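Visitor: If you read the sequence shown in our numbering, its first letter stands for residue 1140, the second for the next number, and so on.
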Amino acid sequence: MTAECLPAPVRPSGALTDLVQKTPPACLPSGHRARVIPFVRAHPNWDGVVILGDESVHHWLHISAGEGISMMGFLTPKLRADLMGAERPDLEAVSDTMSRPERLAAQLQSASLLGDFAAVTGHLIGAELAAAKVYWLGQEVVSIGSASYVEALQAQGVSVTEFRVT
C-alpha cells in the first residue's frame, strides 16, 4: 500500500492510505486516518491537535485547515498493556512524571512493586504528555477515543474536546 507524506490533506482525493512523516519517523495508519476524516469534514478550517490511538500506538496529529502538518506516535498503550497498567490513570502519577520524566523507570518499578496499576498508567501517560508538550501546549486539542488522555490533559489545565465518530 502506498502512503502520503506530511504535509498532506487528511481527506485524501483518492484511495485512503497511511499518512507518514520522515522526521521524526511516524505513521498514521489508514484506519486511524479514517477516524479523523469525519472531524475534519465537520471542521474544515480548524487548527489544532487531534489525539487518538488503539491498543498499540497513540498518535498526536497537528492539523491546519484540513491538512496534516506533523505528528508523533507513542507506544504508551502497548507499554501499559505489557506492564498491566489500569485503564484510567492515577492523575498524581501523571503530574509527578511530567515534572520528572527522567525518573520514569524508577516510578514504574515502585508502582509495579506496590501493585498500583493506575499509577503505572499515570506514569506512562505523564511521560508521553511531557514528550508531546509541543503538541498540546497552547493548542486546541480534540480527542477521538482517548478518554484517559482527556482526564490527564484536563488535570494539566488543557481544554480538550471529545469527538465521537458515529
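Virtual Cβ for every residue (Gly too), placed ideally from N, Cα, C.
Computed from a predicted structure; not experimentally measured.
If we call anything under 8 Å between Cβ atoms a contact, is V1280 one with G1205?
Guide: no
Visitor: What does the alpha-carbon distance come out to for the pair S1285 and D1157?
Guide: 20 Å
Visitor: On a Cα-Cα basis, can you pick out the residue from S1238, M1210, Y1288, S1287 that is closest to P1163?
Guide: M1210
Visitor: Grab me the residues of A1147's own chain with a C-beta within less than 8 Å of its C-beta, minus the 5 sequence neighbours each way, in chain order.
Guide: Within the same chain, L1158, E1206, G1207 come within 8 Å of A1147 by CB-CB distance, once the 5 residues on both sides are set aside.
Visitor: How many whole angstroms separate the CB atoms of L1200 and L1155, which I take to be in contact at a CB cut-off of 8 Å?
Guide: Rounded, the Cβ-Cβ distance is 15 Å, inconsistent with contact.
Visitor: Please report how far the alpha carbon of V1189 lies from the alpha carbon of R1227, in whole angstroms.
Guide: 20 Å
Visitor: Does the distance from the C-beta atom of V1259 to that of L1222 stay below 8 Å?
Guide: yes
Visitor: Candidates A1173, V1175, G1187, H1198: which alpha carbon is nearest Q1160's?
Guide: Nearest of A1173, V1175, G1187, H1198 to Q1160, Cα basis: H1198.
Visitor: Can at least three beta-carbon pairs, one atom from the stretch 1234-1249 and one from the stretch 1267-1277, be found at a separation below 8 Å?
Guide: yes
Visitor: Look at the alpha carbon of R1180 and the alpha carbon of L1145, and state the distance between them as a whole number of angstroms.
Guide: L1145 has its alpha-carbon roughly 19 Å from the corresponding atom of R1180.
Visitor: With a cut-off of 8 Å on the beta carbons, I'd call L1358 and W1275 a contact; round off their distance for me.
Guide: Lying before the first or after the last residue shown, residue 1358 is absent from the chain, which here runs from 1140 to 1305.
Visitor: If we ignore side chains and look at the alpha-carbon of each, how far apart do G1212 and P1183 end up?
Guide: Their Cα atoms are separated by approximately 24 Å.
Visitor: Following the continuous beta strand (DSSP E) through Q1160, name the residue where it begins and the one where it ends.
Guide: Q1160 -> beta strand (DSSP E) spans 1157-1160.
Visitor: According to DSSP, what are the bridge partners of A1147?
Guide: A1147 is bridged by DSSP to G1207.
Visitor: Use the C-beta contact count for V1304: other C-beta atoms within 10 angstroms, 16 or more gives buried, fewer gives exposed.
Guide: exposed
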